[in-house]
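Those protein sequence lines, which keep their order, are chains A and B.
Its first residue numbered 1, the first sequence is counted upward by one per residue in this note's numbering.
Its first residue numbered 414, the second sequence is counted upward by one per residue in this note's numbering.
Ideal Cβ positions, reconstructed from N, Cα and C, are used throughout, including at glycine.
Quantities reported herein were computed from a predicted structural model and do not represent experimental measurements.
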Amino acid sequence: MHIMYFTEQPMATYPADKGLEFGATALMFSNSHFDPAEGSRLYNEYIEQYVLAEDVGFDGIMLNEHHNAPFCMQAKANIFAALLAGLTKRVKIVMLGNPLPLAENPIRLAEELAMIDMISKGRLVSGFVRGGGQEQLATGVNPAFNRERFEEAHDLIVKAWTQPGPFRWEGTHYQHRVVNPWAVPLQKPYPRVWVPGVISRETVIWAAQHRYPYIALNTTVEQTQKIWDLYDATAAEVGFQGGPEYHGYLKQVHVAETEEKALENARQFTWMQGEFTGLAHPVWSTPAGYSSPENRRGFVEFSTGRGSSPRRRPSFDEQIRDNMIIAGTPKTVIAKLRQVMEATRPGIMALWANDGAVSHADSMTCIRLFGEEVLPAMRETAKALDLKSPFEAETPVSLAYSQDLQPRPVAAE
Amino acid sequence: MAAPLAWQESHIPVAGLPLRLRRAGPRGAPPLLVLHRDSGTPDQLPIHAALAERYDLLLPEHPGYGQSERAPWMRHPRDLVAIYQGLLAALDIPRASLLGLGFGGWIAAEMASLAPRDFERLILVGPMGIKPPQGDILDQALVSHTDYARAGFHDQAAFAAVYGAEPSTDQLVEWDLCREMSFRLAWKPYMHSQTLPHLLGAIRAPALVVWGAEDKVVPISAADRFMAGLPGAKLAVVPDCGACVEMEKPAEFARLVTDFIG
């Protein structure tokens, strides 16, 4: 099993009353509420936390990016990836990921990622995402072409990484006279690509069609199992067997020295959930054309307050009860994680450990307790359940680089 | 309320698209091609009935809006210009008048500039297509579908008369389809062209520019640009009225049209 540490890098020190007053903490919530002195402190604390995560035995550090919102301070995940490439020695640097549609020039991404891969001596996992709805608005990118841009940018980057240049690219959304980036990745044929997601069927299918592991982001156990069913059915169609080495799962898990402390800190996870529920703006989070057509009716009902969010989250107590949020002492957390691992059988797990206004000291304690007690127990569980990571299973990087394919037609549903 | 207008509905193949067309009014009367807003068009409106009394009224639905099939290749409102020239050719109508509403006004202005000899009269109602010198065209990406539609009306009772106080979910879905297609056509620069101000000078059709004095969608400052680019055009500013003059003040608007076209 591959176990990663994750934090959204929250900037929780903005005045909460201003967010409540404005009614949303996204996109249009004024950056006059951002305090760069606090930002500087937090960025540096996050670096310390990542370094500790490596020291205590995490296999990877998962990074992401968002724009115009306090729930995530990373505006460019590649900057932290570059820092970690130099500051760490062993952990995989797992980008989940670079939002491809936001790139006006995907070749620049290919270059940056190649540099990170070389500096880290081949520790890059280059996940790609579509970017949230509001990210399209924050960066002025047309949401109606989000998926087309995602797929074309991916194809261009992979070609730039695997085919000798120079070549020309006359695509639908990207045109490049000369593709010939001098920096190419150390890992061959190219760094592993993992694809995270929440609710889009199309993304699950796309990942499986490319044989890229899919990382379910904080979904319920039932949603996760449905995602695996779809992934594995698609995998069978294109000729490989799905299973744990293609299944990743991000969970909110906080560990502390007492149950009380853990629960108090875990409540901070709901601070962030404002993005997806209370303090999100339904119109900004789902611009027309961004979502699957099948979700159109649900989203327009939500946007007028007629329906609940298709991304709705239940109350904190329900989330604790249903293992959506896991919190407690190492003993409690180990037992609950075992339940989740048995029910979902992932080969990759991301532990979203600290959020909101959890203090630096508590974050460091949490990471330390993970390393001392939780990770060894998870590895035992993984062994007992035969949950292998893509590295352990030595899976091919992608479908195109597979030599064991046995495609067979399977009715998807 | 009067009996509903009996539209003749058909799908006319243009450039491989089955373009949805509603047609009403006496054949042989002066043809009037109505180019609808970015929010689509309701089927029954008092203004349709009023205009169908005097004109051969043609109300197509832009591809990707309402029930017209989306053309996934379209990238610019000028693509619609070609489609509508194709429609008029298919119907064998050599010289129509154009009535462009909001976003449809942009299309109409492009049509009249690209084919100056083809049009009898040009009427633009709160047209998009040109960057206003003061203020910006309202960005629908930042507001809900209903709020965007409401912004087109100064008197909210007039909005309710057309869409109901609480528009149906079917209406919201239709608006979302319209919005997606508008993004596909005019995302950046948003709802305007940097060349249209220059191309207006090619237009020969006599033009009437109509603006609601309380337009919250396209700032009325843009009227100056249209008037500067359209020599000899007339400007009619309708008081106590929002962007959707044809829906908010249909009787007054119908008089403006008939006075202008005849």
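Alpha-carbon spacing of M62 of chain A relative to G305 of chain A, whole angstroms: 34 Å
If we define contact as Cβ-Cβ less than 7 Å, is S557 of chain B a contact residue for chain A? yes
Quick one: residues in its chain with C-beta nearer than 6 Å to the C-beta of T220 of chain A, no 5 flanking neighbours on either side, listed in chain order? none
Meets three-Cβ-pair contact criterion under 8 Å: the segment 92–107 of chain A and the segment 138–152 of chain A: yes
CA-CA distance, L464 of chain B and M487 of chain B? 30 Å
Does DSSP classify D672 of chain B as helix, strand or coil? helix
Could you check the C-alpha separation between N218 of chain A and Q252 of chain A for me, to the nearest Å? 7 Å
What ranges does the alpha helix (DSSP H) occupy inside the segment 204–272 of chain A, keeping only unbroken runs of at least 4 residues that lie completely in it? 221–238, 259–266, 268–272
Ordered along the chain, which non-local residues of its own chain (more than five positions away) have a Cβ less than 6 Å from that of V94 of chain A? M4, G60, M62, V125
Interface residues of chain A around T582 of chain B at Cβ under 9 Å? R297, V300, E301, T304, R306, G307
Just to confirm the assignment: which complete alpha helix (DSSP H) runs, minimum length 4, are found wholly within the segment 501–588 of chain B? 516–527, 558–563, 569–576
A335 of chain A beta carbon less than 7 Å from that of R254 of chain A: The residue asked about is misnamed: residue 254 of chain A is His in this sequence, not Arg. Result no, Cβ atoms of H254 of chain A and A335 of chain A do not sit closer than 7 Å.
Among residues of its own chain, excluding the 5 on either side of T344 of chain A, which ones have a beta-carbon nearer than 7 Å to its beta-carbon? V221, T224, Q225, Y249
Close beta carbons around V56 of chain A, own chain, < 8 Å, minus the five adjacent residues each side: I367, R368, F370, G371, E372, L375
Run down chain A in chain order and give the residues with a C-beta less than 9 Å from the C-beta of A554 of chain B. Q136, L137, P143, V283, W284, P287, A288
Classify K331 of chain A as helix, strand or coil using the three-state DSSP reduction. helix
Shortest alpha-carbon distance to P282 of chain A belongs to which of A:R296, A:F269, A:T270, A:W271? A:R296
Below 8 Å CB to CB, which residues in the same chain sit around P70 of chain A once its five sequence neighbours on both sides are set aside? P10, M11, A12, Y14, G19, T25, F29, H33, F34
Reduced DSSP category for I199 of chain A - H, G, I as helix; E, B as strand; rest coil: coil
Would you say T277 of chain A lies against chain B (beta-carbon separation less than 7 Å)? Any reading at T277 of chain A must be qualified, since the residue scores a pLDDT of 40, below 50, and its modelled position is unreliable; no value is offered.
Report all residues from its chain with a CB closer than 7 Å to the CB of P244 of chain A; omit the five preceding and five following residues, and keep chain order. R345, P346, G347, L387, K388
Is W519 of chain B close to chain A? Criterion is C-beta to C-beta, closer than 7 Å. no
DSSP-derived helix/strand/coil call for Y5 of chain A: strand
At what residues does the beta strand (DSSP E) containing W352 of chain A begin and finish? 348–354
Determine the DSSP secondary structure at E677 of chain B, reduced to helix, strand or coil. The question about residue 677 of chain B has no answer, for chain B in this structure spans 414 to 675.
My guess is that I460 of chain B and P663 of chain B are in contact by the Cβ rule of under 8 Å, so how many angstroms apart are they, rounded? 4 Å
When burial is assigned at 16 or more other CB atoms within 10 Å of the CB, is A393 of chain A buried or exposed? exposed
When you compare the CB of F566 of chain B with every CB in chain A, is at least one pair closer than 7 Å? no
Any idea what DSSP makes of D469 of chain B, helix, strand or coil? strand
In the structure shown, what three-state DSSP assignment does E275 of chain A receive? Below a pLDDT of 50, predicted positions are generally treated as unreliable, and E275 of chain A, at 44, falls in that range; the measurement from the model is reported next regardless. Three-state result, E275 of chain A: helix.
What is the rounded straight-line gap between the Cα of P540 of chain B and the Cα of F516 of chain B? 6 Å
Please state the DSSP three-state secondary structure of Q607 of chain B. coil
Which whole-angstrom value is the C-beta distance of V630 of chain B and A656 of chain B, which I expect to be below 8 Å? 4 Å
Thinking C-beta only, is G127 of chain A closer than 7 Å to W194 of chain A? yes
Own chain residues within Cβ distance below 6 Å of A144 of chain A, not counting five before or after: G289
Please report whether the beta-carbon of L493 of chain B lies at a distance below 7 Å from any beta-carbon of chain A. no
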